[in-house]
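Protein chains in written order, with my numbering: chain A, 5 to 119; chain B, 5 to 119.
The C-beta atom is built at its ideal place from N, Cα and C for all residues, glycine as well.
Remember, predicted model here, so these are calculated numbers, not experimental data.
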DNA sequence: TTGACATATTATTATTTTATAATATGATAA
DNA sequence: TTATCATATTATAAAATAATAATATGTCAA
């Protein structure tokens, strides 16, 4: 059960050091809330698309197989959770990832699980 | 907040290498299921503790503030999802992380979000 | 064996999430 | 202005999850 091999094998860029459990205890509620936002296949895809840059709701609608209503609800929810920010430009509402850490996290998830 | 500003701010800052969206489309259900298991503060903590090595149910019970029943249910659930494996030793049932990728992921989460 | 401890299971209720439909608002172009 | 497109909101029903209590099972030591 040692993870030395893992640490050696995976770039230090990805996980430079180990964090104490007490730090985790303090933030586990916040972190688990964030992870819950990623725990739906379409929301995960939306965030994946948004790591490539801001997109309007209709662009996202073209990319994701999801109803207009649910897409808007998901975007609104993730904005309320401060994962996303949005800006209207004319008819279109552009959404973008608001928290850089989320971009990091999604990139790591892709690298670990989407091979 | 203009579109261009968002783009400049978000893209290509961090990620070491990028995975194609089509890979993500294929695995998003599996990945989001996994992330759902991490989307509860006590389950996240349980996994955090288990990254440090196998632990018996009662050891985990001493570490987490959670009822016996719920702890057992959470462990059973994560075992059914193949995140955990278990082995009985006498009176004690030892649980351990079954998927090395999960250890990686939790380490990354700690490094990004538990500072 | 019995009793005590460790863990699992079942049942149940409350809460949250998901999905869908219907309707509303806001912007633009004709 | 009105029609149309883009997006948001509301309502609601179904499904999943969380939390708790009660009970069952399995192991060991006396």
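Distance cutoff 7 Å, beta carbons only. Does residue 1 of chain B sit that close to anything in chain A?
The requested residue 1 of chain B does not occur in the structure, where chain B is confined to residues 5 to 119.
Please list, in chain order, the residues of the segment 70-83 of chain A that have any C-beta partner in chain B closer than 7 Å.
Per Cβ criterion, the list is empty.
Can you round the beta-carbon distance between residue 79 of chain A and residue 88 of chain A to whole angstroms, since I take them to be within the 8 Å contact cut?
Translated into positions along the first chain, residue 79 of chain A becomes position 75. Translated into positions along the first chain, residue 88 of chain A becomes position 84. So it is a contact: roughly 6 Å between Cβ atoms.
When you compare only the Cα positions, how much space is there between residue 59 of chain A and residue 97 of chain A?
Position 55 of the first chain holds residue 59 of chain A. Position 93 of the first chain holds residue 97 of chain A. Computed Cα separation, rounded: 8 Å.
How would you list, in chain order, the residues of chain A whose beta-carbon sits under 7 Å from the beta-carbon of residue 23 of chain B?
Numbered from 1 along the second chain, position 19 holds the residue referred to as residue 23 of chain B. Under the 7 Å cutoff, chain A gives 114, 115, 118.
Anyone know if the C-beta pair for residue 71 of chain A and residue 43 of chain B falls short of 7 Å?
In the first chain, counting from the first residue as 1, residue 71 of chain A sits at position 67. In the second chain, counting from the first residue as 1, residue 43 of chain B sits at position 39. It is not a contact, given that the beta carbons lie outside the stated cut-off.
Is it true that the CB of residue 28 of chain A sits closer than 7 Å to the CB of residue 52 of chain B?
Here residue 52 of chain B corresponds to residue number 48 of the second chain, with the count starting at 1. Here residue 28 of chain A corresponds to residue number 24 of the first chain, with the count starting at 1. Taking 7 Å as the Cβ cut-off, residue 52 of chain B and residue 28 of chain A qualify as a contacting pair.
Please return the same chain residues whose Cβ sits closer than 7 Å to the Cβ of residue 68 of chain B, not counting the five positions on each side in sequence.
Here residue 68 of chain B is taken as the residue at index 64 of the second chain, counted from 1. Excluding positions up to five away in sequence, the list reads 46, 49, 50, 75.
Using only the alpha-carbon positions, how far apart do residue 73 of chain A and residue 62 of chain A sit?
Counting from 1 along the first chain, the entry for residue 73 of chain A is found at position 69. Counting from 1 along the first chain, the entry for residue 62 of chain A is found at position 58. Approximately 12 Å between the Cα atoms of the pair.
Taking C-beta to C-beta, are residue 108 of chain B and residue 116 of chain A nearer than 7 Å?
Locating residue 108 of chain B in the second chain gives position 104, where the first residue counts as 1. Locating residue 116 of chain A in the first chain gives position 112, where the first residue counts as 1. Contact flag set, yes.
Mapping the DSSP letters down to three states, classify residue 84 of chain B as helix, strand or coil.
Translated into the one-based positions of the second chain, residue 84 of chain B becomes position 80. Reduced to three states, the DSSP call for residue 84 of chain B is helix.
Relative to chain A, which residues along the segment 31-52 of chain B have a C-beta separation below 7 Å, given in chain order?
Result list: 31, 32, 33, 35, 36, 39, 40, 42, 43, 44, 45, 48, 49, 52.
Does the beta-carbon distance from residue 38 of chain A to residue 101 of chain A come in below 7 Å?
Walking along the first chain from the start, residue 38 of chain A turns up at place 34. Walking along the first chain from the start, residue 101 of chain A turns up at place 97. Not in contact: residue 38 of chain A and residue 101 of chain A (Cβ atoms no closer than 7 Å).
Examine chain A for any beta-carbon lying closer than 7 Å to the beta-carbon of residue 10 of chain B, and answer yes or no.
Residue mapping note: residue 10 of chain B aligns to position 6 of the second chain, counting from 1. Any reading at residue 10 of chain B needs caution, since the residue's pLDDT is 36, under 50, leaving its predicted position unreliable; the model's value is listed next. Chain A, which has a Cβ nearer than 7 Å to the Cβ of residue 10 of chain B, makes this yes.
Can you list the residues of chain A that residue 89 of chain B reaches, using a CB-CB cut of under 9 Å?
As a position in the second chain, residue 89 of chain B is number 85, starting the count at 1. What residue 89 of chain B touches in chain A: nothing, since even the nearest Cβ is about 10 Å away.
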